[in-house]
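Engineer:
There are 2 protein chains.
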Amino acid sequence: MVIYLARDVLSRPIDRSADTSDLILAVQSLSTEEQSLLFERMNLNGDRIYSGATAFLKRQYRTIAWMTIVAAGLLAVLLLFYGANEEKGIEAGDLAWRTGVSFLVGAFLSALSGVIGMLIAVRTNVRTASAATRSLGDALTIALRGGAVSGILIVGLSLLGVFGLFWAFGGFENPKHTPELIVGFGFGASFVALFAQLGGGIYTKAADVGADLVGKVEAGLPEDDPRNPAVIADLVGDNVGDCAGRGADLFESTAAESIGAMILGVAIFKATGENDVAWILFPLVVRAFGAIASIVGLLVIRPGRVRNAQRALDVGYWTTAVLSTVGMAIAARVMLTSWWFFLAGLIGIITSVIFVYITQYYTGFHRPVRDIAEASRTGAATNIISGLAVGFENTAIPVVVISVALGTSFQVGIQAFNDLGITVGDSQWIAGVFGTAVATMGMLMSAAYILAMDTFGPIADNAGGVTEMSEAPGDVRDITDGLDAVGNTTKALTKGYAIASAALAAFLLFSAYLETAGLKEVNLAKVEVFIGAMLGGMLVFLFSSLAIRAVGRSAQAMILEVRRQWREEPGILEGKVEPDYARAVDISTRSALREMIAPGLLAVLLPVAVGLILRAEAEAAMLMVGTIVGVLLATVMNNAGGAWDNAKKYIEAGHLRDADGNAIGKGTDEHAASVVGDTVGDPFKDTAGPSLHVLVKLLSTITLVLAPVFI
Amino acid sequence: MVIYLARDVLSRPIDRSADTSDLILAVQSLSTEEQSLLFERMNLNGDRIYSGATAFLKRQYRTIAWMTIVAAGLLAVLLLFYGANEEKGIEAGDLAWRTGVSFLVGAFLSALSGVIGMLIAVRTNVRTASAATRSLGDALTIALRGGAVSGILIVGLSLLGVFGLFWAFGGFENPKHTPELIVGFGFGASFVALFAQLGGGIYTKAADVGADLVGKVEAGLPEDDPRNPAVIADLVGDNVGDCAGRGADLFESTAAESIGAMILGVAIFKATGENDVAWILFPLVVRAFGAIASIVGLLVIRPGRVRNAQRALDVGYWTTAVLSTVGMAIAARVMLTSWWFFLAGLIGIITSVIFVYITQYYTGFHRPVRDIAEASRTGAATNIISGLAVGFENTAIPVVVISVALGTSFQVGIQAFNDLGITVGDSQWIAGVFGTAVATMGMLMSAAYILAMDTFGPIADNAGGVTEMSEAPGDVRDITDGLDAVGNTTKALTKGYAIASAALAAFLLFSAYLETAGLKEVNLAKVEVFIGAMLGGMLVFLFSSLAIRAVGRSAQAMILEVRRQWREEPGILEGKVEPDYARAVDISTRSALREMIAPGLLAVLLPVAVGLILRAEAEAAMLMVGTIVGVLLATVMNNAGGAWDNAKKYIEAGHLRDADGNAIGKGTDEHAASVVGDTVGDPFKDTAGPSLHVLVKLLSTITLVLAPVFI
């Protein structure tokens, strides 16, 4: 499927001038020579982005590879010394090498899916731009299929990796401990995701903020102007942040959450005594159904029928949701023999649908965005205050929805086991947690579709950049602008989905940790546990601070470089000499890779230190409170950032009116105020917020893997 | 003492022109007539502030009184139905009326200390202004003594109230349940504090932001210009926010924390079997020593010896700290017969000293503030990003310091009981918690001194306003400006102190709740407990959002009123007609009182709802995680707000320089950017942040009081 889609996308010729009959109006009126010049320019700009992206990928993954190897070694050594557990019959050496290998496999597959997905994305952008000379449907389909390569690859490789390790480590012969032996896979994936998201997030906003501050504000250039040396870095940045970063984020989500559910499955497997591996493999089967549903949802969208891009994506999403429901019903009934589990899964599917609409409400032109736009009337300060108030407020509904989903799926889980007459452990706790696990799996079924929409975002954005830089006729740009706007929504939506699934899965992952560490409780009334909890909350704030500062410093480096190029070669600003795009890309790359180290190390080392000094229960509190605070703060930053961005767009679209009813648009004080808000929101929504998703999950996997050491 | 200080302050004549010999230079050179005109103007402006403040107080406390009576009734009814506890021998009717009465007494004394303290403060400001015509020492002493009335009154009434109820409810005959019967006192105090701080916080920033946006930005008037109709409301606001609000905050802190410690004392009292009420009364005795130490510290500062205001306050503070240490040593040795308890208390005293210096670092002209000022070079957006990053980062050291203080005092507590050979309960848990309680008491010993410095802030600020509006000579204004700058530091410092004591006390109050509710654990691994925890975190963000929005709406009302006055009476702006100050005060008052209802109700009702639906253990998790998140977010908002404010002052003081080394001061783009940051910080540091202090403690007292209902 992936290969089919990738070949489908890559086989599209960029030069479509051969048959002019279906070119859109303005391009038709160009002479054949002008047409081929246009496509030549598109190709050139596409190549620039491609080589910028590969340069970044090469250097980033080289850095990550080294760190991964060191981490794998340290991990194996730690487990070799402390990992033995006679009670469970786990031998230290065995645990150490298997965890080390799982870690490396997880890291490798996460990196691989990120790299391939991104290479396809940066080849798709120029093809989308070219397709936009023909029709909206064409452009949308190509961009979405390019995104689908990423989506399906990520979900597929995570599924294959978990299943492959389970099988290779003898899961079918002796399933009891196998999931605990492969938790390293999740940690490896999180480890890579942390640095991929941090590095990508810093890179993208350093380039974006740098390009904007020096280009738009200082020199008065429009967006994506080719005279701005940072413009290619900015376009590359959209890919490395949204595509590679979020891809790695969801790769580890699906992996870690499957493994967590499998660990619970083992507890049930043991309790039933019937040697039925269905309990352990159920999560993987459900997700396979989800992947199929997503593929169908993606293929439902056909170029000829597209009138409205957002509607087309909605149809695909609903198709995926309905098919996921059917798949869940089959898996629950056949494998687990109870409709109650289907109900639990349905709760997860419904939660994911609700979150899609919550995000649309927050980031669409509704009350929150309008409030911020209105506040821009009294200046930048009130715009910022209003945006922060909106961001803070926006934690309420998601928390309530997640609470309801958790509570009900927990009860449904208990009901299911009562129904089946199975008792697990001395309380109904594991039964309830398994209910939440099924709900989490239900939520993750549409992951491939959501990821395809997410990667669609930077592809559409880049297509717009290529169109602009290649001086294509206005109506081509209109098409890519439309796709870009839809892409902004889908990017915001993926963040909402990622954080909601993280929150829902958090309880499952805690439970897996408690199960692995043999803890019966996490008692906040103990002083060291309370301290662990406080440090968990603090970690989230400190990590965010480091991520935000990293953007500031990297943007500064970019600004200095752009100023240097303009000063040393005045011809650039006159449009006579081409700027040195590669050097700007290089500056961003170096700076982002340097700056990702400090927050990355903090995220890895503080949990390890707390676990070693305050031990397993305090670690659990750190994990739980860190997760709660992380989910809250990520929601604040993602939604405030998205709302600021759209408040600016709301004003640019002329919706804000003065006393006489005239539109207040670009160039006004109100617009300037909204630009300040948008700039503040950038590192929030594209660096710190998404990095917190990964931090939250890293906390889970790191504690799961090192549980034997913390006991 | 209070009466002595109040009479001392109020007896100072405002008209000091009779003997010109010690007037400062510029005033001496005025003719006698000019001098008496100056003092007449001062008197007039002082009266305006006084009547604005009393108008607000009257209306605010009338509203609060009604709500308090309703709340007391509901509380009594709830306890009447659910409060019985046969095991402990508590009868529902008895509990209901005693809690209701304690609630009313706590509410009344909190309100009383707030009102008297503030009435003295708004009489002291004009006397400080007048004293500034003589010498720095004179002005400082009067302002500080005016503040001392508040500080000593608050600490004294809280002490008297707790002791009086303990005695009246038969604490000496049957001490076992008395502390549980008087927890209502703490809740009453928190209830009033919540609305006092919210109402005051909204009022002060609505007036401030409103006055600035319309006065400085739109009309280009300087600060405190008499042509601005909002100027009196702004000066009144400083009092109602910092003086009445923070006073109520610390009144409930000291009350609730004493009661919490007494509840633990009861557990020890029961365990020793020696009928020694020393364990129960120890917190009150320590605080009495602290009050004496503070009084001595305040009296050490004598007009003649003052050269530098900050240094004088430092000397007083260190005197208080040293005397507190002596008092703690005596109390620990004589009452509890172990030096280990002295060590625990010393940890608390040291923690309070450390926090004073941490706050000075964050809000002084050090790296954090310099970073923000530097970021202003690239505009408002980078200023804001940098400020938020600083705010996020600033959670780290406080959390670490509190963790260390908690951990060590817990260990010391265990050591102390081992040393005495006393075993409480089946674990050493209560022993350790008592250690943290002693540390908390140690920290709170300097409360009266800190409060005096806090109230000093608005008095100095107001004195500056009176001086400006009365057109006093420049060197008088220099003195009040100097005091105002010191006042900004002391205000920030009180916030740091308040939040640190809240964090340190949090563990103690949780423990008192667990003791009262008969809970042995707070197990986050239970789904309803985890949901309670998530809701606790969410409450903090939602509450902050409501508080911030309230400021926005109230400021808007103020802006419209000022514009209306200028439009309808153009003579105001020309300085010919006096604006209608009273109406602006009235608008602020109404608006603040209306806007405080929503966040206030949320803060009271959500914990009650969680307790009733999810029960006692989930409530405990809500309390704990709400406290952790509240402490973190309050620290972020207080410190970011303070740092933004001082980054502006840093630029105004000419410390930021351009490439040629010239100072970049007022009127530049950099300064404008820093003003945006300052405005954003205003509702953070003066409304939402301080209100979170109260929220955190309200969570503790509400759960303590309603514990019987939640079981």
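If you read the sequences in order, they're chains G and E.
Going left to right, the first sequence walks through residues 29 to 739 as my numbering numbers them.
Going left to right, the second sequence walks through residues 29 to 739 as my numbering numbers them.
Don't be surprised by glycine CBs; every beta carbon is placed ideally from N, CA and C.
Being a predicted model, the structure only gives us computed values, none of them experimental.
1) Contact check, G:Gly344 vs G:Gly470 under 8 Å by CB: the rounded distance?
2) What are the boundary residues of the alpha helix (DSSP H) that E:Lys725 is part of?
3) List the whole-angstrom C-beta distance separating E:Gly214 from E:Thr729, where the pair is believed to meet the contact cut-off of C-beta under 8 Å.
4) Within its chain, find whatever has a CB closer than 6 Å to the CB of E:Trp367; leave out the 5 residues flanking it on each side and keep chain order.
5) Using the three-state DSSP reduction, which class does E:Ile97 fall into: helix, strand or coil?
6) How many angstroms separate the CA atom of G:Val259 from the CA atom of G:Ala160?
7) Name the two residues that bound the continuous alpha helix (DSSP H) containing E:Tyr114.
8) Are the stretch 398-417 of chain G and the stretch 671-683 of chain G touching by the rule of at least three beta carbon pairs closer than 8 Å?
9) At 7 Å on the CB atoms, spell out the chain E contacts of G:Arg577, in chain order.
10) Quick one: give me the first and last residue of the alpha helix (DSSP H) that E:Ala403 is part of.
11) Quick one: Cα of E:Gly669 to Cα of G:Thr391, how far?
12) Could you tell me whether any Cβ in chain G is nearer than 7 Å to the Cβ of E:Met566?
13) At a CB distance below 9 Å, what residues from the stretch 505-535 of chain E approach chain G? Give them in sequence order.
14) Please give me, in chain order, every unbroken run of the alpha helix (DSSP H) with length at least 4 that falls completely inside the stretch 422-505 of chain E.
15) Please list, in chain order, the residues of the stretch 93-113 of chain G that have any C-beta partner in chain B closer than 7 Å.
16) Starting from the C-beta of E:Asn113, find all residues in its chain whose C-beta is less than 7 Å away, skip the five residues before and the five after it, and write them out in chain order.
17) Please list, in chain order, all residues of the same chain as E:Leu226 whose beta carbon is under 7 Å from its beta carbon, the five residues on each side excluded.
18) From E:Arg339, E:Gln443 and E:Val328, pick the residue whose C-alpha is nearest to that of E:Gln456; which is it?
19) Under a Cβ-count criterion, where at least 16 other Cβ atoms within 10 Å of its own Cβ denotes burial, should G:Ser582 be classed as buried or exposed?
20) Can E:Arg287 and E:Phe297 be called in contact, C-beta distance under 7 Å?
21) Evaluate contact between the stretch 218-235 of chain E and the stretch 381-399 of chain G, counting only Cβ atoms and requiring at least three cross-stretch pairs below 8 Å.
22) Given this structure, state the Cα-to-Cα distance separating G:Met481 from G:Asp270, to the nearest angstrom.
23) If we define contact as Cβ-Cβ less than 7 Å, is G:Val657 a contact residue for chain E?
24) According to a CB-to-CB cut-off of less than 8 Å, which residues of the stretch 147-170 of chain E neighbour chain G?
25) Identify whether G:Asn336 lies in helix, strand or coil by the three-state DSSP scheme.
26) Just to confirm the assignment, what range does the alpha helix (DSSP H) spanning E:Ser380 have?
27) Taking C-alpha atoms, which residue in G:Pro254, G:Arg315, G:Arg173 and G:Asn202 lies nearest to G:Arg35?
28) So, helix, strand or coil for E:Asn551, using DSSP?
29) Using a beta-carbon distance below 7 Å, is G:Phe369 in contact with chain E?
30) Span of the alpha helix (DSSP H) holding G:Leu193?
31) Would you say the stretch 239-250 of chain E touches the stretch 647-654 of chain E, given that touching needs at least three Cβ pairs under 8 Å?
32) Is the Cβ-Cβ distance between E:Asn490 and E:Leu327 less than 7 Å?
33) In angstroms with no decimal places, state the Cα-to-Cα distance between G:Ala520 and G:Ala234.
34) Given a cut-off of 7 Å, decide if G:Gly189 and G:Leu137 are closer than it, judged by their beta-carbon atoms.
35) Label E:Asn303 either buried or exposed according to how many other C-beta atoms from any shown protein chain fall within 10 Å of its C-beta, with 16 as the threshold for buried.
36) Who are the near neighbours of G:Arg162 in its chain, counting only those whose CB is closer than 7 Å to its CB and skipping five residues on each side?
Structural biologist: Answer, in terms of the structure:
1) Actually they are not in contact, since the Cβ atoms of G:Gly344 and G:Gly470 sit about 18 Å apart, beyond 8 Å.
2) Gly717 to Phe738
3) Contact flag correct, Cβ pair sits at about 4 Å.
4) none
5) helix
6) 21 Å
7) According to the sequence displayed, residue 114 of chain E carries Glu and not Tyr. Premise fails: E:Glu114 is in no alpha helix (DSSP H) and is neither H nor E.
8) With the rule of 3 Cβ pairs closer than 8 Å, the stretch 398-417 of chain G counts as touching the stretch 671-683 of chain G.
9) Ala417
10) Arg395 to Ala403
11) Their Cα atoms are separated by approximately 27 Å.
12) yes
13) Residues of the stretch 505-535 of chain E with a C-beta atom less than 9 Å from some C-beta of chain G are Ala531, Ala534 and Phe535, listed in chain order.
14) 424-448, 457-472 and 475-497
15) Absence of chain B from the displayed structure is noted, the protein chains being G and E.
16) Cβ neighbours of E:Asn113 beyond the five flanking positions: Pro736.
17) Ala575, Met624, Pro627, Gly628 and Ser719
18) Considering only alpha carbons, the answer is E:Gln443.
19) buried
20) Looking at the sequence shown, residue 287 of chain E is not Arg but Ile. No; because the gap between Cβ atoms is not below 7 Å, this pair is not in contact.
21) no
22) The straight-line gap from Cα to Cα measures roughly 11 Å.
23) Yes, because at least one Cβ of chain E sits closer than 7 Å to the Cβ of G:Val657.
24) none
25) coil
26) Note, E:Ser380: alpha helix (DSSP H), Trp367 to Thr391.
27) Of the listed residues, the one whose Cα sits closest to G:Arg35 is G:Arg173.
28) strand
29) no
30) In this chain, the alpha helix (DSSP H) harbouring G:Leu193 covers Leu164 to Ala196.
31) These segments do not touch.
32) no
33) 19 Å
34) Going by beta carbons, G:Leu137 and G:Gly189 fall inside the 7 Å limit.
35) exposed
36) Arg44, Asp50, Leu51 and Ile52
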